[in-house]
Each structure stands twice: as structure tokens, then as C-alpha cells.
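Undergrad: Can you keep this structure in mind? I'll have questions shortly.
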Amino acid sequence: MDKTTLIGLILGVVAVGIGIVLKGVSPNALINPAAILIIIGGTAGAVTIAFPSSEIKRVPKLFGILFKEQQHMKPSELIMMFSDWAQIARKEGLLALEVKTNEIEDPFLKNGLSLAVDGQSADYIRDVLTEEIEAMEERHLTGAAIFTQAGTYAPTLGVLGAVVGLIAALSNMDKTDELGHAISAAFVATLLGIFTGYVLWHPFANKLRRKSKQEARIKYMMIEGILSILEGEAPRVIEQKLASYLPAGERKAFLEESSVTKDE
């Protein structure tokens, strides 16, 4: 499970909930079925109109991505793996890596290494794998766009809900003892719209975009590693090249550790 999504969600709900209570608002005042229907149902309806059914069907899967930790190899482990493969290729030839393709679980990496072993050119391999990454990013951006749009619609629907509530309240001006309660209830929809828009939907969209960038970064590392092996580069050169994908601190520590390991 992606703990940051769960922790952030809990923090957002708790912070807003406690803030509401500290402001002197009773939690019972937020229980407003009409407001909930307008915000949740209205947002769902607007998003359904805005996107084709093929993309709407992916929403349950998108929630799974949000709350599930991505299973990717650590960049440092990936670099060392390519370094080992480069050593094998230099000693026994590129065809010796054919055995390794059967051990790879990642479809992208397996496809790329298979293309290299089959003798495809570096340009062809780069084009094929890059196009696959671009297609993946396009799918991910579409998923993020669904939540971005939801975050745009929800606050506006909150205003709509408030207007509807005020219409109901002002239509019963003769009941002055209930007028204050009716007006406060009208703004519950605005509260729910802003909360869901900026604590749920927009952050969800950003999380999907960040996860997409992380996955693309790993895949680009794989492309560089495969092409470096294809070009017969030395393991140490490959390590230095791929280490550029690491943050400065991690890069320095990795290269120092790698040097010590090689010396031993």
C-alpha cells in the first residue's frame, strides 16, 4: 500500500474536521444528504460527460494505483544489474544474455533486452521503447486529467448547492426561527465541494502524474542501460552514465560504494 496517500487522506480529513469543531460548528450540521448528492453525484455526472466510456471504465483501476505502492526495481539495483550484464556481454558476447531474458519479470525490460539480443539496431530499439513510454505517459495523463476535472467541477457544484440551499431558505422567510439554520445548511455544499476538490481530487491527480514520471524515469534508465550494453561499453562507464539518473546525494554514495566493491 502507498502509505503517503493513506496518511495524507487521514491528515486532511482530521485537520479539516478538528478545525470545523474548533470553529464551533457541530459535526451534525455537516450531515446534509442533499449537499452530498449534489457534490458527489454532480461531480460524477460531469466527469462522465467529459470523458469517453473507455476512459471512465479505468477509474477503479486508477484508485488502485493511488493506494498501491509501485513495484519497481530500485535505480541502484538496476544500475548494478546492467553493470553485471555488461561484464557478461564483454566476456561471452551479447547472445550470452539470452538466458537472462527468461529471468526478467518486467515486460518492458524483457522486450528491450530481447531486441538487443536479436541484433536490432540501437536506433530501432530506442524508437520502439521510447514510443512505448510515450504511449504509457499519455494513458497516465488521461487518468490524471479525470481527477483534475473532478477537482475543477466539485467547488463550482458547491456554489450551485449553496444557491439551491439559499433559494430554499429565502422561500420560507416567514419562518424566521429556522432561517439561520437553513442558510448555514446551504453552505454545506460549498464546504464539501471545496474539500473534495482540493483535498481529494486535485491531490489524486498530482499523485498519478508523479507516479507516471517515476515509472518513465526507470524505463528511460532501462533504455540507456540496454543501448550501452549493445554498444559494448565498460561496466564502470555504464554505472557512471546511469548514476546520472540518481539524486546528487545518492549518486555520490552509489559511485563511492561501487568503487569500493570493484576494488575488493
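When we follow full-length UniProt numbering, the leftmost residue of the sequence shown carries the number 1, and every step to the right adds one.
Just so you know, even glycine gets a beta-carbon here, dropped at the ideal spot from N, CA and C.
Here's a check: name, in chain order, each residue in its chain whose Cβ is nearer than 8 angstroms to the Cβ of A29, leaving out the five neighbours to either side.
TA: As a working note, residue 29 is residue 29 in the sequence shown. Contacts found: S184, A185 and V188.
Undergrad: Looking only at C-alpha atoms, which of F204, I146, Q70 and Y153 sits nearest to S54?
TA: Position 54 of the sequence shown, counted from the first residue, corresponds to residue 54. The candidate whose alpha carbon is nearest that of S54 is I146.
Undergrad: Over the uninterrupted alpha helix (DSSP H) stretch that includes S171, give me the two end residues.
TA: Taking the first residue of the sequence shown as 1, we reach residue 171 at position 171. Where S171 is concerned, there is no enclosing alpha helix (DSSP H), given that its DSSP letter is neither H nor E.
Undergrad: Of all the options K91, V99, A154 and L129, which has the alpha carbon lying nearest to the alpha carbon of F108?
TA: Along the sequence shown, one-based indexing puts residue 108 at 108. When each option's Cα is compared against that of F108, the closest is L129.
Undergrad: Can you tell me the Cα-Cα spacing of N32 and G24, whole angstroms?
TA: Walking along the sequence shown from the start, residue 32 turns up at place 32. Walking along the sequence shown from the start, residue 24 turns up at place 24. The straight-line gap from Cα to Cα measures roughly 18 angstroms.
Undergrad: Could you give the DSSP three-state label for M80: helix, strand or coil?
TA: Counting from 1 along the sequence shown, the entry for residue 80 is found at position 80. The answer is helix: DSSP assigns M80 an H, G or I state.
Undergrad: Contact between the region 146–157 and the region 231–247: three or more CB pairs below 8 angstroms?
TA: no
Undergrad: Tell me which residue opens and which closes the alpha helix (DSSP H) that L113 is part of.
TA: Translated into positions along the sequence shown, residue 113 becomes position 113. P107 to V117 is the span of the alpha helix (DSSP H), which, as asked, contains L113.
Undergrad: Can you tell which of I226, Q214, L166 and T152 has its C-alpha closest to the C-alpha of residue 267?
TA: A question about residue 267 goes unanswered here, because the residues of the chain that appear run from 1 up to 264.
Undergrad: Within this structure, are the beta carbons of E224 and K241 separated by less than 8 angstroms?
TA: On the sequence shown, residue 224 is found 224 positions in, with the first residue counted as 1. On the sequence shown, residue 241 is found 241 positions in, with the first residue counted as 1. The answer is yes: Cβ separation under 8 angstroms.
Undergrad: Ends of the alpha helix (DSSP H) at A234?
TA: Locating residue 234 in the sequence shown gives position 234, where the first residue counts as 1. Taken as a continuous stretch (DSSP letters only), A234 belongs to no alpha helix (DSSP H), as it is neither H nor E.
Undergrad: Tell me whether residue 270 is buried or exposed, calling it buried when 16 or more other Cβ atoms sit within 10 Å of its Cβ.
TA: The shown model of the chain, from 1 to 264, leaves out residue 270, and the question about it has no answer.
Undergrad: For I49, count neighbouring Cβ atoms within 10 angstroms of its own Cβ and tell me buried if that reaches 16, exposed if not.
TA: On the sequence shown, position 49 is the one that residue 49 refers to. Its Cβ having fewer than 16 others within 10 Å, I49 is exposed.
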